[in-house]
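Report on the following structure.
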Amino acid sequence: MSVGRAIGWDLDGLPRIVRGAGSYLFDAAGKRYLDGSGGPAAFSIGHGNREVNAAIAAQLDQVACGYRYLFTSEPLERLTALLLRHCGPDFGHAVYCASGSEAVEGAMKVALQYWNARGQPGKSRFIARQRSYHGSTLGALSLSGFAERRAPFVRSLLEVSFVSAANAYRPPPGAAGAPLVSYLAAELEARIAALGAENVAAFVFEPIVGAAGGVVPAPPGYTQAVRAVCDRHGVLLIADEVMCGSGRCGTWSAMEHEGVVPDIIAVAKGLAGGYIPLGATIFRRELGERIMAAHGSILTGHTFSGHTAACAAGLAVQRIIERDALLARVRTRGAVLQAEIRAALARHAEVGEVRGRGYFIGIELVRDPDTKQPFPAERGLSNAIARHAFEDGLIVFPCAGNAGDGLGDAIIVAPPYNATEAELAELTAKLARAVARALR
Ligand SMILES: Cc1ncc(COP(=O)(O)O)c(C=O)c1O
Numbered sequence: 006m007s008v009g010r011a012i013g014w015d016l017d018g019l020p021r022i023v024r025g026a027g028s029y030l031f032d033a034a035g036k037r038y039l040d041g042s043g044g045p046a047a048f049s050i051g052h053g054n055r056e057v058n059a060a061i062a063a064q065l066d067q068v069a070c071g072y073r074y075l076f077t078s079e080p081l082e083r084l085t086a087l088l089l090r091h092c093g094p095d096f097g098h099a100v101y102c103a104s105g106s107e108a109v110e111g112a113m114k115v116a117l118q119y120w121n122a123r124g125q126p127g128k129s130r131f132i133a134r135q136r137s138y139h140g141s142t143l144g145a146l147s148l149s150g151f152a153e154r155r156a157p158f159v160r161s162l163l164e165v166s167f168v169s170a171a172n173a174y175r176p177p178p179g180a181a182g183a184p185l186v187s188y189l190a191a192e193l194e195a196r197i198a199a200l201g202a203e204n205v206a207a208f209v210f211e212p213i214v215g216a217a218g219g220v221v222p223a224p225p226g227y228t229q230a231v232r233a234v235c236d237r238h239g240v241l242l243i244a245d246e247v248m249c250g251s252g253r254c255g256t257w258s259a260m261e262h263e264g265v266v267p268d269i270i271a272v273a274k275g276l277a278g279g280y281i282p283l284g285a286t287i288f289r290r291e292l293g294e295r296i297m298a299a300h301g302s303i304l305t306g307h308t309f310s311g312h313t314a315a316c317a318a319g320l321a322v323q324r325i326i327e328r329d330a331l332l333a334r335v336r337t338r339g340a341v342l343q344a345e346i347r348a349a350l351a352r353h354a355e356v357g358e359v360r361g362r363g364y365f366i367g368i369e370l371v372r373d374p375d376t377k378q379p380f381p382a383e384r385g386l387s388n389a390i391a392r393h394a395f396e397d398g399l400i401v402f403p404c405a406g407n408a409g410d411g412l413g414d415a416i417i418v419a420p421p422y423n424a425t426e427a428e429l430a431e432l433t434a435k436l437a438r439a440v441a442r443a444l445r
């Protein structure tokens, strides 16, 4: 049996990766690829960073992992202090894991345990949004409004209630005529009422939708409005920042931009930038204190939660982001990059929208810009763009199905925060070439 069949996806024709250096990856044939999307927005400071590698190697030389119930460690303590500082004074706890799915599972479990600790175990239902992705484990998949990924498992998923996506480019049909934010807030409030606030644990959302939408920032005022609805009804607000967080949008937490504080934040991908898998569920002090008082400990986590070398990797990556002022760079240069991409693609009427924040940019392609009608799925446009780009030595992330019913094409651009000017120029030029080729 081929290795591809053995590991569950088709490796035929894929180049063999041998090296990474800065914003580039190299295959065994010596071809160079500019990492224009961090894979799925994961590699926050590029590849082969010597400082990060040295920090990991130094930790491995000492000890790879102290089991979390037996030992603490300096990387664990320092990383936790750094994360809590970034999330703000209301936050008091971080539970570590190795992926975004686990970080979201952790968020669900913290919410459930909190309500249990408060003597309200009936608060066990979750509300999430259509066209969202929260992960592949059964709990996180249950929250995901991503029909294609749910289909084979749907009978075993938790019963989650879905409200509309907060997408100003593709507003829900019922919203016509009404201000979108008021419509969406009213819909959430009505859903909480229908389920009974006494049954609802949390509302879960991506502040900027990633893979399921092709980078969709919520309309201005949305985050404040859903926070207010949750507060009125005693429902926790969980921000899934696995893709959009850890600085990707130019603030450490994507929600910082809105000035809104969630109750629980899930992060992963960019946290340790892919050097070692690392995720975290970070939550308000009040939640943790209630749980500890009632149950003694937070009942989520895994054998390798707080893995020492993984924490050393996360700490090294985050220190570089701080030391080199990369958030400010992403914030200011991201707006310019977005404008450059828009200008480079301006001659294609099929570019329906270029949107996003910081180094998290989405390009949506439509057959008809007036009606926003998507291309037929058979055309496979987003995959074709990503394929042409890859042939030309550029990695971007294709999203298909973002318009619903299996239709829609978008491309995600998410370069390393420390990409150089020349690399960003190369990204824009190669992206424009790939789009032109695919539309030809
Ligand atoms: C917003 C969001 N949440 C959760 C996940 C799941 O993360 P992972 O694939 O690391 O389990 C993803 C992955 O793409 C994601 O984009």
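The sequence shown runs 6 to 445 under the numbering used here.
Backbone N, C-alpha and C fix where the C-beta goes; we use that ideal spot for every residue, glycine too.
Buried or exposed: where does Leu429 fall if 16 or more other Cβ atoms within 10 Å of its Cβ makes it buried? So Leu429 counts as buried.
Could you check how far apart the C-beta atoms of Gly215 and Ala108 are, in whole angstroms? I think they sit under 8 Å. Gly215 to Ala108, Cβ: 14 Å. No contact.
In chain order, which continuous runs of the beta strand (DSSP E) of length 3 or greater are located wholly inside the region 21 to 55? 22 to 26, 29 to 32, 37 to 40
Go to Ala99, then tell me how far its beta strand (DSSP E) extends in each direction, as first and last residue. Element bounds for Ala99: 96 to 102.
Identified DSSP bridge partners for Ile416: Partner residues in the beta bridge of Ile416, as assigned by DSSP, are Ile368, Pro403.
Among Arg438, Ser106, Ile50, which has the Cα closest to the Cα of Glu327? In terms of Cα proximity to Glu327, the closest of Arg438, Ser106, Ile50 is Ile50.
Using C-beta distances below 7 Å, list every residue in its chain close to Val8, excluding the 5 sequence neighbours before and after it, in chain order. Leu16.
Cβ neighbour criterion (16 or more within 10 Å) applied to Pro178: exposed
Mind reading off the beta-carbon distance from Ile325 to Ile368? Whole number of angstroms is fine, and I expect it under 8 Å. With 8 Å as the limit, Ile325 and Ile368 do not qualify as a contact, their Cβ atoms being about 28 Å apart.
When DSSP labels each residue in this structure, what does Thr326 get in the three-state scheme? What sits at residue 326 in the sequence shown is Ile, not Thr. The answer is helix: DSSP assigns Ile326 an H, G or I state.
Hey, would you say Asn407 sits closer than 8 Å to Gly219, going by beta carbons? yes
Identify the residues that DSSP records as bridge partners of Pro222: which are they? The secondary-structure analysis by DSSP pairs Pro222 across a beta bridge with Ile213.
Assuming Ala116 contacts Ala206 under a Cβ cut-off of 8 Å, what Cβ separation, rounded to an integer in Å, is found between them? 5 Å
Does the beta-carbon of Arg136 have 16 or more other beta-carbons within 10 angstroms, so that it is buried, or is it exposed? buried
In chain order, what residues of the same chain have a beta carbon less than 8 Å from the beta carbon of His307, not counting five sequence neighbours either side? Cys102, Ala103, Glu107
Using a Cβ-Cβ cut-off of 8 Å (strictly less than) and excluding sequence neighbours within five positions of Ile132, which residues of its own chain qualify? Val165, Ser166, Phe167, Val168, Leu193, Arg196, Ile197, Leu200, Val205, Ala207, Phe208, Val209, Val240
Per-residue burial, Tyr74 [other beta carbons within 10 Å of its own, 16 or more giving buried]: exposed
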